[in-house]
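J.: The structure that follows is given in the form of structure tokens.
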Amino acid sequence: MTDHSDGAEEPGGAGPHPGEPHHEGLGTRLNWLRAAVLGANDGIVSTAGLVVGVAGATDSRSALLTAGLAGLMAGSLSMAAGEYVSVSTQRDSERAALALEREELETTPQAELEELTGLLEDRGITHDLAREVAEQLTARDALGAHARVELGIDPDALANPWHAAWASFVSFTVGALLPLLAIVLPPQDWRLAVTVVSVLAALTGCGWISARLGNAPARPAVVRNVAGGAIAMAVTYAVGALLGAAGV
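Quick note: the sequence shown, position 235, residue 234 per numbering that gives the first Met the number 0, numbers continuous.
Here you go:
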């Protein structure tokens, strides 16, 4: 049974550091959530720019729907493929580093113990204590200790490229659906206004959430996000209007 009388953190934020998260894997989960928010943000901005640009050139609902769906699928698949390739490369590098470390532990265990001791000393631990800690970590899980301390890798939680790909695909698709529906569902006279308002509201939310996840001030993030989306829609609409006026 856990003893909370020594000031340890209580469930719900009580303790010496109220509200400070210490759950294992929390950083990884926050990174995934932040990536999902950014993927949705990309889906909103890119699809909004596309459909608003087309709306500047034509009033055809079918043209808007076709362009929006094409942009949604192209963007989501591109994001998924990019994440898969990127994370696969990262995982391959991590596996290669772990394989090399495993080989060094088998061939030169004493040198690896000295190296781990030195790394712990570099973190401010005295030599004797660093040696004792290194020996205990090596006895328990030598590869895991070196992976975490020397390489900054958790061998039990290597990046999964399929998870990254699906997360990017879904988040981009969800974000892209908002401007697509906003441009095709309302009556013709309301399409542009509804789309712009919906997109700017969604970008406000994405900016606020991303700032909160990173413990950063919300206002600058929201302003940057909204300004970027507004500029993207203004530029693409102007281009579409010029091309439409030119009969292209």
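No residue lacks a Cβ here, since even glycine has one placed at the ideal position from N, Cα and C.
1. If you draw a straight line from the alpha carbon of A44 to that of G70, how long is it in whole angstroms?
2. For G206, which residues in the same chain have their Cβ closer than 6 Å to its Cβ, ignoring the five residues on either side in sequence?
3. With distances taken between CB atoms, is the gap from A62 to L49 smaller than 8 Å?
4. Extract the residue ranges of the alpha helix (DSSP H) inside the stretch 66-154, only unbroken runs of 4 or more that lie entirely within it.
5. If contact is defined by three or more beta carbon pairs under 8 Å, each pair taking one atom from either stretch, is the stretch 102-109 in contact with the stretch 119-136?
6. Taking just the CA atoms, how far does E82 sit from T161?
7. Nearest-angstrom Cα distance between M72 and R90?
8. Please check the pair L199 and N40, which I expect to be a contact at CB under 8 Å, by giving their CB distance rounded to whole angstroms.
9. So the candidates are S87, G38, G243 and E149; which of them puts its Cα closest to the Cα of A158?
10. Tell me which same chain residues have a C-beta within less than 8 Å of the C-beta of G74, skipping the five on either side of it?
11. What's the gap between the Cα of G123 and the Cα of P216?
12. Spatial neighbours of R60 within its chain, please: CB distance less than 7 Å, with the 5 preceding and 5 following residues excluded, ordered by chain position.
13. Out of curiosity, what's the CA-to-CA distance linking E114 and A156?
14. Please list, in chain order, all residues of the same chain as G243 whose beta carbon is under 7 Å from its beta carbon, the five residues on each side excluded.
15. Does DSSP put H21 in a helix, in a strand, or in coil?
16. Between A164 and A98, which are expected to be in contact by the criterion C-beta below 8 Å, what is the C-beta distance as a whole number of angstroms?
17. Applying the criterion that 16 or more other CB atoms from any shown protein chain within 10 Å of the CB defines a buried residue, is A144 buried or exposed?
18. G38 and V238 - do their beta-carbons sit closer together than 8 Å?
19. Taking the alpha helix (DSSP H) that P219 belongs to, which residues open and close that run?
T.: According to the data block:
1. Taking the sequence shown and counting its residues from 1, the one referred to as residue 44 is at position 45. Taking the sequence shown and counting its residues from 1, the one referred to as residue 70 is at position 71. Per the sequence shown, the amino acid found at residue 44 is Val instead of Ala. Near 11 Å, if we compare the C-alpha coordinates of G70 and V44.
2. Translated into positions along the sequence shown, residue 206 becomes position 207. Hits under 6 Å: A220, V221 and N224.
3. Counting from one through the sequence shown, the residue named residue 62 turns up at place 63. Counting from one through the sequence shown, the residue named residue 49 turns up at place 50. No, the pair does not count as a contact, with Cβ atoms beyond the cut-off.
4. 108-121 and 126-145
5. no
6. Residue mapping note: residue 161 aligns to position 162 of the sequence shown, counting from 1. Residue mapping note: residue 82 aligns to position 83 of the sequence shown, counting from 1. For clarity, residue 161 is Trp in the given sequence; the question names Thr instead. Near 9 Å, if we compare the C-alpha coordinates of E82 and W161.
7. Within the sequence shown, numbered from 1, the residue matching residue 72 stands at position 73. Within the sequence shown, numbered from 1, the residue matching residue 90 stands at position 91. Taken atom to atom, the span from the alpha-carbon of M72 to that of R90 is near 26 Å.
8. Locating residue 199 in the sequence shown gives position 200, where the first residue counts as 1. Locating residue 40 in the sequence shown gives position 41, where the first residue counts as 1. Their Cβ separation, rounded to whole angstroms, is 12 Å, which puts L199 and N40 out of contact at 8 Å.
9. Taking the first residue of the sequence shown as position 1, residue 158 is located at position 159. The shortest C-alpha separation from A158 is found at S87.
10. Taking the sequence shown and counting its residues from 1, the one referred to as residue 74 is at position 75. If we look at G74 and ignore the five residues flanking it on each side, its Cβ neighbours are D41, G42, S45, T46, F171 and A175.
11. As a first step, residue 123 must be located in the sequence shown, where it is residue number 124. As a first step, residue 216 must be located in the sequence shown, where it is residue number 217. C-alpha separation (whole angstroms): 32 Å.
12. Sequence index remark: in the sequence shown, residue 60 carries index 61 (1-based). These residues qualify, in order along the chain: V183.
13. The count along the sequence shown starts at 1 and reaches residue 114 at position 115. The count along the sequence shown starts at 1 and reaches residue 156 at position 157. So the alpha carbons of these two residues sit roughly 24 Å apart.
14. Sequence index remark: in the sequence shown, residue 243 carries index 244 (1-based). Apart from the 5 residues on each side of it in sequence, G243 sits with its Cβ closer than 7 Å to the Cβ of G55, A56 and T57 in its chain, given in chain order.
15. Translated into the one-based positions of the sequence shown, residue 21 becomes position 22. Because the pLDDT at H21 is just 43, under 50, the model does not fix this residue reliably, and the point stays unresolved.
16. Translated into positions along the sequence shown, residue 164 becomes position 165. Translated into positions along the sequence shown, residue 98 becomes position 99. The pair is not a contact, with the Cβ atoms about 24 Å apart (cut-off 8 Å).
17. Counting from one through the sequence shown, the residue named residue 144 turns up at place 145. Burial call: buried.
18. Here residue 238 refers to the residue found at position 239 when the sequence shown is read from its first residue. Here residue 38 refers to the residue found at position 39 when the sequence shown is read from its first residue. One thing to note: V238 has its Cβ no nearer than 8 Å to the Cβ of G38.
19. For this step, residue 219 is matched to residue 220 along the sequence shown. That run of the alpha helix (DSSP H) goes A217 to A244.
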